[in-house]
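Here is the structure we will look at, set down as structure tokens.
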Amino acid sequence: MTAPPAEHTEATRTRSSPKRAKSDPTRRIYALLVFIVLEMSIFALFVPDFWTQRNLVSTGRLNAVVAIVAIGVTFGLISGAIDISVGAVIALSGVVGGQLLGHGFPAPLAALGTVAAGTLAGLTNGFFVTRFRVHPLIVTIGMLSVARGLAFVLADGRSVIISDDFFNVFQSKWFGVPLPVLLAAVAFLVGHYVLAWTHFGRYTYAMGGNDVAARAVALPVDRLRTYYLGLSGGLAGLGGWVLASAVGASVPSAARGTELVVITAVLLGGVGFSGGSGNLLGTFLGVVLIGTMVNGMALQGLGPSHRLIVLGLALILPLALEARKLEGFSWRTSAT
Amino acid sequence: MVESRRDTTAIHGGVRLALRKQASSPTFLLFVTLVVLLGVMGAAKSTFLTTSNLTSTAALSSTTFIAAAGFTIAASAGVFDLSVGGTMMLSGVTFGTLFQAGVPLPLAAMGGVLLGAGIGTVNTFLVTKLRINSIIATLGVLFIVRGIGLEVGGRRSTQVVSDAFRFARRDLLGLPVPVWGSIVVVIVTHYFLAYTPIGQRLRAVGGNPDGAREVALNVDRYRTMALVVSAGLAGLGGIVLASIIGAIDPQGAIGREIVIATAAFLGGASLTGGRGSVIGTLMAVFLLASLFNGLVQLALRPEWIDIASGTILVVAVAINQRPSGGFR
């Protein structure tokens, strides 16, 4: 008999590095739903202006950009590649749009330019990740600096007012709903379909969950990774158009720190940091929870300090609450 | 005769091998880049390569370096402390508030460092007890610490008019005090990380946690130590920063964690842990600071520094990790 005795396997098992169990996406979604209902009822009961059509519509409009961008980041993170660069890419693509308009290009071309600029930034991320094997976190931190710098250099440090009706289409409403909210809703539906039902979407789970196996079954891992990061950049570019259009200006300092809000929402929604798990419904609920929370607190007169604390807790608390499920978890100091 | 010739070739071979090893090390590449950069900047602008300009660059970047030394130690142990920028701010605020309340300077400074270590303890709890990925945990702590800073200190910075508080603006034996601080920190931390058994075990834990467990190293204990040291040094950096600007600034050091992480990765630290050099980090901090200084002197948009530092980061990591393969 070559099989080791039971105690031996037991010992090796507890000795190997304690791993975080993958969180169950369905459970996370139920938890988020319960939390959102609770939180919104509390705000609706105790904050006078919260449960009004006007406030809910404006909250939706403010968070539409975060929602759109979070879709791409979800694809990337599930496939195992985090994208931190989105905040700066939003600003860069907005500036590209503004500059194209300023140089007399037709508005549809300028709008296309924003998405193209974002996609190009995302594909560049993908190129460095797959060709030079630099970790996506480092590549996208680099892109965060580069895109922000390029935005300032291209705009010469100035914000430009945009007064083109086509480009500013996201200031309009359809049936009382702001167009950015509609776009975000459509993007979520399409994104969810792609992620859940198409090969292109399912491959994210294969790559994020087990990279070696994905290669073994001959998935073009590098090409797919480049596409996912390109998608993430492209959606950030779209977000840049929506933001510049809704504000009516291209601002090189726009969306500073948005990348962290987006990442927080995606992680809160149940996408694992190491990839392979999560879905877009979770991301959607994450965006809704953070958006309404920040809004309700702002209506209560709580300032940016509380907003930061809420973001921090949103990152840490779900993982802390799941800690009990970890292998060999104990509040006491472990022996190893 | 023959033997002696063989000896010399052997020696030459050894030297060549050592040189080749040196030439591919991140620290050496960084050193060459720094020298080239200083040369180019000096040729482009006569005011650049002056002692006063170089020392003022060193003094201004010393706070970043002191915190980055801690970040490097943590990264060597395989944990990443993104809360450093917030820790710098809150330690500085604590230091200033204590000082204004009449606490003697050394005690106030100690209070700031202790607060930093306290934040490190929170990080430690999240990472080693709750097993939260250190990047997520410390990012969350960064948000919370920044929120607390705004809550406690308000949004405006308060001047502290006192020569004792502004000790970091003084010179000591011809060099600014912060530069002396950096020198002490680089000697102590480099010796600690590169030459002491604890430093070696820290790197072992970072490079191969499972292997370290097999040889009965307490991985969590070393990570605890690394995170507390990192936060404590960030606290020290925050105190020097508060002293240089001479104010309590609850919005201070915003985004500093990105600069610090860039410098550490540039200096040879790796996202997979086990590697990291305080000397490399020191040179990277000085490189980024001189680049910024040079761009300002050449009257270019300071945003070019963002473009340059982002590009340098990615290229440097791509070069540094060639032997090990990198991200799959």
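These protein sequence lines are chains L and W, in that order.
Each residue of the first sequence is one higher than the one before, starting from 173 at the first, in my numbering.
Each residue of the second sequence is one higher than the one before, starting from 63 at the first, in my numbering.
Here a beta-carbon is modelled for each residue, glycine too, at the ideal position from N, C-alpha and C.
Just so it is clear, the structure is predicted and the values come from calculations on it, not from any experiment.
Next item on the list: Note the first and the last residue of the continuous alpha helix (DSSP H) segment covering residue 272 (chain W).
Entry: Indexing the second sequence from 1 puts residue 272 (chain W) at position 210. First-last of the alpha helix (DSSP H) with residue 272 (chain W): 271 to 276.
Item checked: Identified DSSP bridge partners for residue 237 (chain W) -> In the second sequence, the residue the question calls residue 237 (chain W) occupies position 175. Looking at the DSSP assignment, residue 237 (chain W) forms a beta bridge with W:234.
Note to self: Can you tell me whether residue 149 (chain W) is buried or exposed? The criterion is at least 16 other CB atoms within 10 Å of its CB, across all chains shown.
What the structure shows: The count along the second sequence starts at 1 and reaches residue 149 (chain W) at position 87. Answer is buried; the Cβ neighbour count reaches 16.
Next item on the list: Pull up the distance between the alpha-carbon of residue 178 (chain W) and that of residue 326 (chain L), whole angstroms please.
Entry: For the purposes of this step, residue 178 (chain W) is taken as residue 116 along the second sequence, with counting starting at 1. For the purposes of this step, residue 326 (chain L) is taken as residue 154 along the first sequence, with counting starting at 1. C-alpha separation (whole angstroms): 39 Å.
Item checked: Burial state of residue 273 (chain W), where buried means 16 or more other Cβ atoms lie within 10 Å -> Position 211 of the second sequence, counted from the start, is the residue given in the question as residue 273 (chain W). Exposed is the call here.
Item checked: Partners in chain L for residue 379 (chain W), counting only beta-carbon separations shorter than 7 Å -> Here residue 379 (chain W) refers to the residue found at position 317 of the second sequence. The contacting residues are 306, 310.
Next item on the list: Using three-state DSSP, classify residue 254 (chain L) as helix, strand or coil.
Entry: Position 82 of the first sequence, counted from the start, is the residue given in the question as residue 254 (chain L). Correct three-state label for residue 254 (chain L): coil.
Notebook entry, point to check: Leaving out the 5 sequence neighbours to the left and right, which residues in its chain are closer than 8 Å to residue 233 (chain W) when beta-carbon positions are compared?
Noted result: Position 171 of the second sequence holds residue 233 (chain W). Once the five neighbours on either side are set aside, the close Cβ partners of residue 233 (chain W) are 239.
Margin query: Our contact map puts residue 365 (chain W) next to residue 324 (chain L) with C-beta atoms below 8 Å; I'd like the distance itself, whole angstroms only.
Written below: Translated into the one-based positions of the second sequence, residue 365 (chain W) becomes position 303. Translated into the one-based positions of the first sequence, residue 324 (chain L) becomes position 152. Correct: roughly 4 Å between the Cβ atoms.
Note to self: Please report the distance separating the alpha-carbon of residue 358 (chain L) from that of residue 235 (chain L).
What the structure shows: Within the first sequence, residue 358 (chain L) is the residue found at index 186, counting from 1. Within the first sequence, residue 235 (chain L) is the residue found at index 63, counting from 1. C-alpha separation (whole angstroms): 15 Å.
Checklist line | Distance between beta carbons of residue 309 (chain L) and residue 364 (chain L), contact taken as under 8 Å | finding: The sequence position of residue 364 (chain L) within the first sequence is 192, counting from 1. The sequence position of residue 309 (chain L) within the first sequence is 137, counting from 1. Wrong, their Cβ atoms sit about 26 Å apart, outside the cutoff.
Check: So who's on the other strand from residue 332 (chain L), going by DSSP bridges?
Finding: Here residue 332 (chain L) corresponds to residue number 160 of the first sequence, with the count starting at 1. BP columns for residue 332 (chain L) point to L:422.
Item checked: Pair within 8 Å by beta-carbon distance, residue 158 (chain W) and residue 316 (chain W) -> Start at 1 with the first residue of the second sequence, and residue 158 (chain W) comes out as number 96. Start at 1 with the first residue of the second sequence, and residue 316 (chain W) comes out as number 254. The Cβ-Cβ distance between residue 158 (chain W) and residue 316 (chain W) does not fall below 8 Å.
Next item on the list: Return the chain-ordered list of same chain residues with a C-beta closer than 7 Å to the C-beta of residue 302 (chain W), the five sequence neighbours on each side being excluded.
Entry: Locating residue 302 (chain W) in the second sequence gives position 240, where the first residue counts as 1. Excluding residues within five positions, the ones whose Cβ falls inside 7 Å are 124, 125, 128, 230, 240, 243.
Next item on the list: Starting from the Cα of residue 320 (chain L), find the closest Cα among L:371, L:341, L:417, L:426 and give me that residue.
Entry: Sequence index remark: in the first sequence, residue 320 (chain L) carries index 148 (1-based). Out of L:371, L:341, L:417, L:426, L:426 has the C-alpha closest to the C-alpha of residue 320 (chain L).
Item checked: Residue environment, residue 342 (chain W), which counts as buried when at least 16 other CB atoms sit within 10 Å -> On the second sequence, residue 342 (chain W) is found 280 positions in, with the first residue counted as 1. Looking at its Cβ environment, which holds 16 or more other Cβ atoms inside 10 Å, residue 342 (chain W) is buried.
Next item on the list: Determine the DSSP secondary structure at residue 107 (chain W), reduced to helix, strand or coil.
Entry: Mapped onto the second sequence, residue 107 (chain W) falls at position 45. Three-state result, residue 107 (chain W): coil.
Next item on the list: Out of L:209, L:313, L:226, L:266, state which residue places its alpha-carbon closest to the alpha-carbon of residue 376 (chain W).
Entry: Within the second sequence, residue 376 (chain W) is the residue found at index 314, counting from 1. Of L:209, L:313, L:226, L:266, the residue nearest in Cα terms is L:313.
Next item on the list: Decide yes or no for the touch test of the stretch 201 to 214 of chain W against the stretch 133 to 145 of chain W: beta carbon pairs closer than 8 Å, at least 3 of them.
Entry: yes
Check: Taking C-alpha atoms, which residue in W:191, W:224, W:195, W:120 lies nearest to residue 167 (chain W)?
Finding: In the second sequence, counting from the first residue as 1, residue 167 (chain W) sits at position 105. Checking every option, the nearest Cα to that of residue 167 (chain W) belongs to W:224.
Check: Got a sec: is the Cβ-Cβ distance from residue 495 (chain L) to anything in chain W below 8 Å?
Finding: Here residue 495 (chain L) refers to the residue found at position 323 when the first sequence is read from its first residue. Closer than 8 Å: yes.
Next item on the list: Would you mind reading off the limits of the alpha helix (DSSP H) that contains residue 494 (chain L)?
Entry: In the first sequence, residue 494 (chain L) corresponds to position 322, counting from 1. It is not in any alpha helix (DSSP H) - residue 494 (chain L) carries neither H nor E in the DSSP assignment.
Check: Given a threshold of 16 other Cβ atoms within 10 Å of its Cβ, counted over all protein chains shown, does residue 464 (chain L) qualify as buried or as exposed?
Finding: Position 292 of the first sequence holds residue 464 (chain L). Label assigned to residue 464 (chain L): buried.
Check: Taking the continuous alpha helix (DSSP H) assigned at residue 201 (chain L), which residues delimit it?
Finding: In the first sequence, residue 201 (chain L) corresponds to position 29, counting from 1. Note, residue 201 (chain L): alpha helix (DSSP H), 197 to 218.
Next item on the list: Go ahead and label residue 369 (chain L) buried or exposed: buried means 16 or more other beta carbons lie within 10 angstroms of its beta carbon, across all protein chains shown.
Entry: As a working note, residue 369 (chain L) is residue 197 in the first sequence. Counting Cβ neighbours within 10 Å, residue 369 (chain L) comes out exposed, since fewer than 16 surround it.
Note to self: According to DSSP, is residue 376 (chain W) part of a helix, a strand, or is it coil?
What the structure shows: As a working mapping, residue 376 (chain W) is identified with position 314 in the second sequence. In the structure shown, residue 376 (chain W) sits in a helix (DSSP, three-state: H, G or I).
Notebook entry, point to check: How many angstroms separate the CA atom of residue 184 (chain L) from the CA atom of residue 270 (chain W)?
Noted result: Against the first sequence, residue 184 (chain L) aligns to sequence position 12. Against the second sequence, residue 270 (chain W) aligns to sequence position 208. Reliability fails at residue 184 (chain L), whose pLDDT of 42 lies under 50, so the model's placement of it is uncertain and the value that follows must be treated cautiously. Rounded to the nearest angstrom, the two C-alpha atoms are 16 Å apart.
Next item on the list: Please list the residues of the stretch 319 to 352 of chain W that have a C-beta atom closer than 9 Å to any C-beta atom in chain L, keeping them in chain order.
Entry: The residues in question are 320, 323, 324, 327, 332, 333, 334.
Check: Do residue 296 (chain L) and residue 266 (chain L) come within 8 Å of each other at the CB atom, strictly closer than that value?
Finding: In the first sequence, counting from the first residue as 1, residue 266 (chain L) sits at position 94. In the first sequence, counting from the first residue as 1, residue 296 (chain L) sits at position 124. Against a cut-off of 8 Å, the Cβ pair of residue 296 (chain L) and residue 266 (chain L) comes out as no contact.
Check: Straight-line CA distance for residue 101 (chain W) to residue 349 (chain W)?
Finding: Counted from its first residue, the second sequence places residue 101 (chain W) at position 39. Counted from its first residue, the second sequence places residue 349 (chain W) at position 287. Cα to Cα, residue 101 (chain W) sits roughly 12 Å from residue 349 (chain W).
Item checked: residue 439 (chain L): contacting residues in chain W (beta-carbon distance under 7 Å) -> For the purposes of this step, residue 439 (chain L) is taken as residue 267 along the first sequence, with counting starting at 1. Neighbours of residue 439 (chain L) on chain W, chain order: 198.
Next item on the list: Assuming residue 509 (chain L) contacts residue 268 (chain L) (C-beta within less than 8 Å), just tell me the rounded distance between them.
Entry: Examination of residue 509 (chain L) is not possible in this model, given that chain L is present from 173 through 508 alone.
Note to self: On the DSSP bridge list, what partners appear for residue 350 (chain L)?
What the structure shows: As a first step, residue 350 (chain L) is located in the first sequence; it is residue number 178 there, counting from the start. The partner list for residue 350 (chain L) (beta bridge, DSSP) reads L:345.
Notebook entry, point to check: When the distance is taken between beta carbons, is residue 334 (chain L) closer than 8 Å to residue 134 (chain L)?
Noted result: No answer is possible for residue 134 (chain L): the residues shown for chain L start at 173 and end at 508.
Check: Are residue 206 (chain W) and residue 381 (chain L) close, meaning C-beta to C-beta below 8 Å?
Finding: Locating residue 206 (chain W) in the second sequence gives position 144, where the first residue counts as 1. Locating residue 381 (chain L) in the first sequence gives position 209, where the first residue counts as 1. Taking 8 Å as the Cβ cut-off, residue 206 (chain W) and residue 381 (chain L) do not qualify as a contacting pair.
Notebook entry, point to check: How many Å lie between residue 65 (chain W) and residue 248 (chain W) at the Cα?
Noted result: Here residue 65 (chain W) refers to the residue found at position 3 when the second sequence is read from its first residue. Here residue 248 (chain W) refers to the residue found at position 186 when the second sequence is read from its first residue. Because the pLDDT of residue 65 (chain W) is 47, which lies under 50, any placement of that residue in the model is unreliable, and the question is left without a value.
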